[in-house]
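> Dumping the structure here so I can ask a few things about it.
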Amino acid sequence: MKHIKYLIFAVTVSVFVSCDTEEFLNPLPDTVVVVDAFFQTDDDVLAGVFGVYDALQGVNESTVTNIGVANRGVQFEHLLTEHRTDNTRNATLEGSKSDFHRYVVNANNVESEDFYASMYEVIFRANNVLNFIEVADEANRASYTAEVKFLRAYAYFKLVRLFSDVPLVTEVVGPTDNEALFTRIPEEQIYAQIVADLQEAANVLDNSHKARASKAAAQALLAKVYMTQPTRNYAGAQQLCESIINSAEFDLEPNFSDVFYNELNDEIIFAIQYAAGNPLESQGFSAEFTSAFRQGREDGQNIVNDNLIADFTAFGGDRTAVSFTTFGTSSEVIKFLPEGSDITTSPPSYGENARNAGNDYIAIRYADVLLMHVEAAIGSGTSTSDIGALTSFQKIRDRAFPDTAPNSVSSVSKTELLTERRVELAFENQRWYDLLRFGVAETVLSAHADEMGYVFSARALLLPIPAREINISDGLLTQNPGY
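Going letter by letter, the sequence shown gives residues 25 to 507 in the working numbering.
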């Protein structure tokens, strides 16, 4: 895996600067030292913990353009998720980033390879911290352990849904230990490790942070794991969602726009933070989501498909004007406009730092928990009339349609829920995983491909294992079917 030897023997010493009460983590190493020499104090272990978030944050493509020397963390995830659904597409047919929306990704795709490597960078950094956890003050060992295990589970959950069986590495290993590094482990075992890590995190952590792991973040992620794993646990997922709801520590933002532009608000459960204007702390996806008045390096990503626009027209309510806008023939995402943007001007203004944007990556928010609550109540059925689930669903509807509130419902079907999730969570990298979890991915995407003139086959439900990884494994790492 990219940087694997570096990660085994060395650790990035990350510095952080304060913004309100949360940490921004530097994705570029300030110094690299031998692990044994570095982990000497509790502060060193905490810096190692921060380094795991650092790997999730990734490096802005606008500041370090060479993908061979810098992982992007989650900054490419929309390509692997939204672009492979009926939600969005690339503005052009040129380059490897356009392969995702046309279902022609191959094993040499650099963005898929980068995401795979980025998630393993998270995993290896987490394992490094766990290897030296005894160096930390005794009072902090349990919380540091829980925190990095949450992050390890977060990375593995993304990997197993996108690539299926993957190597399961839970401790520091040597660079020549090919069996541990490159043997694909069955999904069931991957999920068992994810569940164990998240259960520990949920039992140990509190809700002190939104830009770091928390009890609610672990519970919410575990609920989604329970509803995704091969043997579903809907009762467990419902219990976890209700625990978050009953805690009264989170709530929907009355104004949908504030979810995205009043960062770390009451609705946010877990967010990956960025800082505007700082090349080392910023992200580039906000700029790349523009097209008609291009701010990014490329022609535009996450261009909104007509069938999603139709769902917004019918079901979006107040969410529509906050989610996307249309300039001429280009319908573009506006949930993550760079700081200082004003799209009401002609031409629109995108502030001074469009390519070094500070918009957070929203990983888990309360609206998702409410909709998961409904999903868990439906379970293996087709609809629910559970009073608690209906209350959760109505809260989402009432915010979207305040003029007709209370928008009471007597039942919610699985189809209605999937549509509600689509318009509520559009462009937040949830649709791909939703289609898989609801068991309708092949049907929905086949119809979408026919409409758009693409060629879709069942092999596209998994991404290929990167060819580079197979090559350096001397063939031990096997490929997914059809690639």
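Note that beta-carbon positions come from the ideal geometry of N, C-alpha and C, so glycine has one too.
Here the structure is a predicted model, which is why all the values come from computation and not from measurement.
The beta strand (DSSP E) spanning GLU356 covers which residue range?
Where GLU356 is concerned, the enclosing beta strand (DSSP E) stretches over 354–357.
> For ASN133 and GLY412, I'd like the C-alpha separation in whole angstroms.
In a straight line, the C-alpha of ASN133 is about 44 angstroms away from that of GLY412.
> Okay, do the region 333–342 and the region 282–301 touch, 3+ Cβ pairs below 8 angstroms being the bar?
No: the two stretches stay apart, fewer than three of their Cβ pairs being nearer than 8 angstroms.
> Which term fits LEU117, buried or exposed, when burial requires 16 or more other beta carbons within 10 angstroms of its beta carbon?
LEU117 comes out exposed.
> Take ALA387 and list the residues in its own chain whose beta-carbon comes closer than 7 angstroms to its own, dropping the five residues that flank it on each side.
So the list reads PHE294, ALA295 and ILE296, once near-sequence residues are dropped.
> Under a three-way DSSP split, which group does LEU49 fall into?
Summary for LEU49: the model assigns pLDDT 32, below 50, so the residue's position carries little reliability; its value from the coordinates is reported in the next sentence. LEU49 falls in the strand class under three-state DSSP.
> Within 10 angstroms of its Cβ, does PRO254 collect 16 or more other Cβ (buried), or is it exposed?
Per the 10 Å Cβ criterion, exposed.
> What residue ranges within the region 433–459 form continuous alpha helix (DSSP H) runs of no fewer than 4 residues, ordered along the chain?
Segments of the alpha helix (DSSP H) lying fully in the region 433–459: 438–448.
> Looking at the structure shown, is ILE510 part of a helix, part of a strand, or coil, going by DSSP?
Any question about residue 510 goes unanswered here, given that the chain covers just 25 to 507.
> Which residues in the same chain have their Cβ closer than 8 angstroms to the Cβ of PHE174, if we skip the five residues on either side of it in sequence?
Counting only Cβ-Cβ distances below 8 angstroms, and skipping sequence neighbours, we find ASP221, LEU222, ALA225, LEU229, ALA237, ALA241, ALA242 and LEU245.
> Output yes or no for whether 8 angstroms exceeds the beta carbon distance between TYR168 and ILE147.
No; because the gap between Cβ atoms is not below 8 angstroms, this pair is not in contact.
> Classify ASP366 as helix, strand or coil using the three-state DSSP reduction.
Here ASP366 sits in strand by DSSP.
> Along the chain, where does the alpha helix (DSSP H) containing ALA465 start, and where does it finish?
That run of the alpha helix (DSSP H) goes 465–476.
> In chain order, what residues of the same chain lie with their CB nearer than 6 angstroms to the CB of SER416, ignoring the 5 residues before and after it?
Correct list, in chain order: LEU394, HIS397 and VAL398.
> Quick check: what's the CA-CA separation for ASN331 versus ASN111?
Looking at the two C-alpha atoms, the distance is approximately 8 angstroms.
> Once DSSP output is grouped into helix, strand and coil, what is the label at VAL57?
For VAL57, the predicted structure reports a pLDDT of 36, less than 50, and the residue's modelled location is therefore unreliable. A value from the coordinates is still provided. Of the three classes helix, strand and coil, the one that applies to VAL57 here is strand, per DSSP.
> Look at the alpha carbon of ALA378 and the alpha carbon of VAL184, and state the distance between them as a whole number of angstroms.
Going from the Cα of ALA378 to the Cα of VAL184 covers about 33 angstroms.
> DSSP has TYR374 in a bridge; who is on the other side?
DSSP lists SER365 as partners of TYR374.
> From the DSSP output, which residues share a beta bridge with ALA381?
Answer is GLN307, bridged to ALA381.
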